[in-house]
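Following: one structure in structure tokens, then a few remarks.
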Amino acid sequence: MVLPGGLAGCAALPGGGPAPLDTYDLSAAAVEAAGPRRARTQILVAEPGALKALDGENVVVRPSAGSVEFLKGAQWADRLPRVVQARLVEALQATGRLGGVGKPGEGLAIDYQVVTEIRAFEVRMDGAPRAEVSLYVKLLNDRNGVVRAARGFTATSPLSGGGGNDAYVAALDRAFAQVARELVPWVLGAI
């Protein structure tokens, strides 16, 4: 579920300031995960890497294949890589299959790192309007530095609901949830 955190509307604030931006968060996907519980295994989810256009609070819209714009009047609740990282941590924790899942600085004695690159997290307007999320993920054995597995995950979701900021971000949230529902079982199966 997409959570708008700001006030909607384009009215100027008293005193002539700009209208507040609609602020959005992503949902933590509920993922069914089968298999054994690994009570001693701890995983660190590193902050994802991304190109500059995706490494901020702006919601990216691509009107055509070669151009990038930002959704007017909207922003993520934090830098997009941090939002994605937090929701992946939540999704992995919610499976109950691991001894620990966290972010850097949380004091885990980690066995594996989930290293992610955000390759697309945007609304595409070329062709049928749709949201596209693409993550490339490496599972790194933290004990010896060897990449245990690597894979790309991509999902799209059509825009619905008549357009507007809420519809754009809802489509991105659905595409991200689809990616997370594939990514989490893959991580658990690869360790």
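Quick note, the sequence shown lines up with residues 207 to 397 if you use the numbering used here. We treat Cβ as the ideally placed atom computed from N, Cα and C, and that holds for glycine. These numbers were taken from a predicted model, which means no experiment stands behind them.
Taking the C-alpha atoms as reference points, what is the distance between residue i and residue j?
{"i": "Leu232", "j": "Gly395", "result": "25 Å"}
{"i": "Ala373", "j": "Gly367", "result": "6 Å"}
{"i": "Ser270", "j": "Ala334", "result": "11 Å"}
{"i": "Trp282", "j": "Arg330", "result": "18 Å"}
{"i": "Ile316", "j": "Leu346", "result": "11 Å"}
{"i": "Ala280", "j": "Val267", "result": "11 Å"}
{"i": "Arg325", "j": "Ala225", "result": "31 Å"}
{"i": "Gly262", "j": "Val289", "result": "10 Å"}
{"i": "Ile397", "j": "Glu238", "result": "17 Å"}
Under the rule that 16 or more other beta-carbon atoms within 10 Å means buried, what is residue i, buried or exposed?
{"i": "Asp332", "result": "exposed"}
{"i": "Arg380", "result": "buried"}
{"i": "Ser273", "result": "exposed"}
{"i": "Pro310", "result": "exposed"}
{"i": "Pro242", "result": "exposed"}
{"i": "Leu257", "result": "exposed"}
{"i": "Pro364", "result": "exposed"}
{"i": "Ala337", "result": "buried"}
Can you tell me whether DSSP reads residue i as helix, strand or coil?
{"i": "Leu346", "result": "strand"}
{"i": "Gly351", "result": "coil"}
{"i": "Gly370", "result": "helix"}
{"i": "Leu257", "result": "coil"}
{"i": "Glu296", "result": "helix"}
{"i": "Asp379", "result": "helix"}
Per DSSP, residue i is paired with what?
{"i": "Val339", "result": "Phe327 and Ala361"}
{"i": "Leu314", "result": "Looking at the DSSP assignment, Leu314 forms no beta bridge with any residue, so it has no partner."}
{"i": "Arg244", "result": "Leu304"}
{"i": "Leu394", "result": "Leu394 pairs with nothing; no bridge assigned."}
{"i": "Val290", "result": "Paired residue(s): none; Val290 is not in a bridge."}
{"i": "Glu275", "result": "Val267"}
On the premise that residue j lies in contact with residue i, defined as a C-beta separation below 8 Å, what is that separation, rounded to the nearest angstrom?
{"i": "Gln299", "j": "Glu253", "result": "In fact, because the Cβ distance is near 17 Å, the residues do not count as touching under 8 Å."}
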